[in-house]
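The block underneath contains the structure these notes are about, expressed in structure tokens.
Number of protein chains: 2
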Amino acid sequence: MSGLIVMKFGGTSVADAERIKRAARRIVDKRELGNRVVAVLSARGKTTDELIAMAEEVSDAPDPREMDMLLSTGERISCALCAMAINDLGHRAISLTGSQAGIVTDESHTKARIIDVRADRIKAALEENNVVLVAGFQGVSGTARNVTTLGRGGSDTTAVAVAAALGAEVCEIYTDVSGVYTADPRIVPDARKLATVSFEEMLEMAASGAGVLQLRSVEYARNHGVRIHCRSSFEEAPGTVVVAEGETMEQPLITAVTHSTSEARVTLIGVPDEPGAAARIFAALADVSINVDMIVQNEPSSAGGKAEISFTVPREDLRAARAALEPLTGDAFVELHTYEQMGKVSIIGAGMRSHPGVAAKVFDVLAQEGVNIDMISTSPIKISCVIDRDRVAQAVQLLHSAFELSGPGTVAEEKPFKARQTL
Amino acid sequence: MSGLIVMKFGGTSVADAERIKRAARRIVDKRELGNRVVAVLSARGKTTDELIAMAEEVSDAPDPREMDMLLSTGERISCALCAMAINDLGHRAISLTGSQAGIVTDESHTKARIIDVRADRIKAALEENNVVLVAGFQGVSGTARNVTTLGRGGSDTTAVAVAAALGAEVCEIYTDVSGVYTADPRIVPDARKLATVSFEEMLEMAASGAGVLQLRSVEYARNHGVRIHCRSSFEEAPGTVVVAEGETMEQPLITAVTHSTSEARVTLIGVPDEPGAAARIFAALADVSINVDMIVQNEPSSAGGKAEISFTVPREDLRAARAALEPLTGDAFVELHTYEQMGKVSIIGAGMRSHPGVAAKVFDVLAQEGVNIDMISTSPIKISCVIDRDRVAQAVQLLHSAFELSGPGTVAEEKPFKARQTL
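Put into structure tokens, the structure is as follows:
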């Protein structure tokens, strides 16, 4: 289909009646330019948290199938309300549940993966000149026909998957920030909005703390060649387009500095130097679905000696990690130590591939200001350093400045935060 | 299926976490007695009102299809939460939306009628030893596959329809009252709880103000031979069983006195005495779905004269009735008068059929105390009198006493309101 656009509005963009009407107005504006429009909506503001609180009131360990039945109502409410608002503006709109929209997933309740989009009903509704509103974050399982949800941030993935299935021109992700920045503007006031960013860079950014786009949605977009335009719900200026690497205008050495302040480190001392010890440790963590980020292993000093393994996990998973590992004490390791107040700073840039000196510069910049680097991990386009949580803001500022990321950017002209402040 | 019970819990019975857990406990109790159980749930407490308020915030005239999409979320939330609570009690439970449960309706959004129950999925879930929770009040339209709702009180109809489709032993309707009474106990403190009542009587009672059961659900139960047991969520004592007329233990002259305080009267003066005049009037009202209750027409005094037509409508529909009729002024009638503060008192009893003197006694009792009767309508088992709204309570008390309905009843032993008071 030509002239077909998918628009996705996040929770803050549909948080109350005024914002729903504003989203409806933006959808109608696109429609009046001659486009066919599918809009994917998240649950309103705090709805999902409220539903989770209700579940916790009735059950200590809510059944995952029922959790999905419960949580999926939030996006349906947003869609129905937005459809009403669009109808009031003189355009036809219908809302579809994830199931009605043909979002078919596997059976993994609360963290399902999309396996197919059977978009017949969306297409038919578009043919009848409807704006189609699709409830984000949810689908229906292929065999058991149960309602499933895609996990936090899943609406981005819904939008990208629908865009891929329909061959949409672009998938516009509307949020409360106006695009992807060279760093978090709350920490670096002169951070620059990027006009474009490559899929590879965006993946590294999403994985290392940039909250703008959900990692899985970027992967899906890359795999299916969907063009993502990440922009603000509250202003008209264009945001950041995520494109294939060949499409980027320029290839700067460093594109952005990202960070996270919610890391925890686990160190296991006395791991036997034999095949399978590390495998047992990480299998125990995988069994409880803990996402291990960085892993460092020290070589044992002598034959038959013991190694030391350190790794990081999201701080919220630390308790579960400890619970999963403690039964292995004395067997897979001797002692377990944890450090809760860790953070991470990363620099990302496709240009890094051909410039070997970047890592050295990062270490130098941090060392000069006495920021101690605890762990390091690298990819061809990323360098991440685990550091103390309370040095993170300073480290971001130092690196942003050292790699001259502010430059004569788009910030001054576009005033990306003006709209937010007047809300 | 044998040993199969349908239980329906209304909005007040699932209003908060404690009540949901209590409903779950009652369901599990039935299950542990060896029954297979399907439970139909309403939306929690004020949820439906809150959703309607949200819709009115975004739209002056919410689209009915989208209204149904919105409102249907309330019952899904109740069902998912109750399923979690049952799972916590060590039993398996799954919740189904109206669509998943196979509740197929016509396309009339916000007031759909059930046309079929395709209960395959419910049956399969029962076979797998699940308690099945079905979202009340909703279905899916047969051709367009849209979510529909059945109108206020529709969950009773869902429960009866599911009971009919499964051939359940009984459909238990749990509410915040403990059964059907000879009169509203708030007005007549010594009103007696009825052990049984016939479908015909229950239909007349539901139509004339008794709020315990929804009229449509009683009709459906009669047509499909479903046994309804109307009882309290908050106590164990049996309530009232609605049975076929042959099954009632006794056939008293009068079974109950019902009332309504929300009537309005419309009087049209100068209606031409020609074929079609009345038809035009009531067609205009039917077009806007106004339910006309009682109709009285005075004969014109001479040939070519004009008649006077009076009728009652629910007070909430009076404004719409006036708007529908005013365009006909000068054509179908000369003047339109309205009286807002009307009420209605009715006596109901299958035994009335063989006792012609009942009407005379009603008029006499009311006349002795100076209660003016404005309009009268009768059926073989009911006499209704439209009177001033502020005489309704007195009229109920007079008739309840005159027909000796309190008698040595079940009230004293069962203390039906004790449980409510201690809540």
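Line order of the protein sequences matches chains A and B.
The first sequence begins at 1 in our numbering and counts up one residue at a time.
The second sequence begins at 1 in our numbering and counts up one residue at a time.
For each residue, glycine too, the CB sits at the ideal point set by N, CA and C.
By the rule that beta-carbons nearer than 8 angstroms mark a contact, residue 119 of chain B does not touch chain A. One finds 58 and 59 in chain A with Cβ atoms closer than 7 angstroms to the Cβ of residue 85 of chain B, taken in chain order. Closer than 8 angstroms to the CB of residue 391 of chain A there is not a single CB belonging to chain B. The CB of residue 29 of chain A never comes closer than 8 angstroms to any CB in chain B; the least such distance is about 17 angstroms.
The three-state reading of DSSP puts residue 331 of chain B in coil, since its state is none of H, G, I, E or B. In this model, residue 365 of chain B and residue 48 of chain A are separated by some 59 angstroms (Cα to Cα).
Contact annotation: in the stretch 361-379 of chain B, no residue has its CB less than 7 angstroms from a CB in chain A.
At a cut-off of 8 angstroms between C-beta atoms, residue 55 of chain A counts as an interface residue with respect to chain B.
Excluding residues up to 5 positions away in sequence, 101, 102, 162, 165 and 166 lie with their Cβ nearer than 8 angstroms to the Cβ of residue 119 of chain B in the same chain. Under the three-state reduction of DSSP output, residue 64 of chain A falls in the helix class. Where residue 397 of chain A is concerned, the enclosing alpha helix (DSSP H) starts and stops at 392-402.
Residue state for residue 229 of chain B is assigned as strand, using DSSP reduced to three classes. The Cβ of residue 73 of chain B sits closer than 8 angstroms to at least one Cβ of chain A.
A residue is called buried when at least 16 other Cβ atoms come within 10 angstroms of its Cβ; residue 224 of chain B does not meet this threshold and is exposed.
Shortest Cα-Cα distance from residue 222 of chain A to any of A:241, A:132 and A:358 involves A:241.
Here the C-alpha atom of residue 350 of chain B lies approximately 10 angstroms from the C-alpha atom of residue 204 of chain B.
CA-CA distance, residue 187 of chain B to residue 348 of chain B, rounds to 17 angstroms. In the DSSP annotation of this structure, the continuous segment of the beta strand (DSSP E) that includes residue 93 of chain A starts and ends at 93-96. By a beta-carbon distance limit of 8 angstroms, residue 132 of chain A contacts residue 122 of chain A. Their separation comes to about 5 angstroms. When beta bridges are read from the DSSP output, residue 9 of chain A appears opposite A:41 and A:174.
Between residue 345 of chain B and the set B:271, B:321, B:210 and B:404, the nearest pair of CA atoms involves B:210. By the C-beta density criterion, residue 369 of chain B is exposed, having fewer than 16 other C-beta atoms within 10 angstroms. Contact between the stretch 308-328 of chain B and the stretch 286-298 of chain B is present: three or more C-beta pairs spanning the two stretches fall below 8 angstroms. When DSSP states are grouped into helix, strand and coil, residue 308 of chain B belongs to the strand group.
Within the stretch 145-224 of chain B, the complete alpha helix (DSSP H) segments of 4 residues or longer fall at 154-166, 199-207 and 215-224, listed in chain order. Identification of chain B residues near residue 128 of chain A by a Cβ-Cβ cut-off of 7 angstroms yields none; the smallest Cβ-Cβ distance measures about 11 angstroms. Taking 8 angstroms as the CB threshold, residue 189 of chain A stays off the interface with chain B. The Cβ atoms of residue 286 of chain B and residue 183 of chain B do not sit closer than 8 angstroms to each other. Within chain A, the residues 66 and 69 have their CB atoms less than 7 angstroms from the CB of residue 95 of chain B, given in chain order. A distance below 6 angstroms between beta-carbons, with the five flanking residues on each side excluded, links residue 339 of chain A to the following residues of its chain, in chain order: 265. Between the alpha carbons of residue 358 of chain A and residue 179 of chain A lies a distance of about 26 angstroms.
At the C-beta level, residue 213 of chain B and residue 156 of chain B come within 8 angstroms of one another. Residue 355 of chain B is classed as exposed because its beta carbon has fewer than 16 other beta carbons within 10 Å across all chains shown. In the three-state reduction of the DSSP assignment, residue 319 of chain B falls in the helix class. For residue 80 of chain A, no pairing in a beta bridge is given by DSSP. B:139 is the residue among B:139, B:144, B:145 and B:143 whose C-alpha sits nearest the C-alpha of residue 151 of chain B.
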